[in-house]
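Down below is the structure, laid out as structure tokens.
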């Protein structure tokens, strides 16, 4: 079973298309996820989001960066 995650695909003419996933930081299934564990520690930190509850709703920030081609 995979941990909770959200897929993103973003693109704009003149930029490389980005496909990525965002994971919940601290979720117990993260340790066994082969995709997440294949990333370097620096890369892993970029896709782990520390959600905080606000009004009963989990909220977090996930930045997407596109590289020009």
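Residue numbers (this note's numbering): 38 to 106. Even glycine gets a Cβ: it sits at the ideal position worked out from N, Cα and C.
Item to check | CB contact flag (residue 70, residue 40, <9 Å) | outcome: yes
Checklist entry - In whole angstroms, what separates the C-alpha of residue 76 from that of residue 101? => result 17 Å
Checklist entry - Excluding the five sequence neighbours on either side, which residues of its own chain have a C-beta within less than 8 Å of the C-beta of residue 51, listed in chain order? => result 105 and 106
Item to check | Beta-carbon proximity check, residue 99 vs residue 86, cutoff 9 Å | outcome: yes
Item to check | Alpha-carbon to alpha-carbon, residue 57 and residue 89 | outcome: 21 Å
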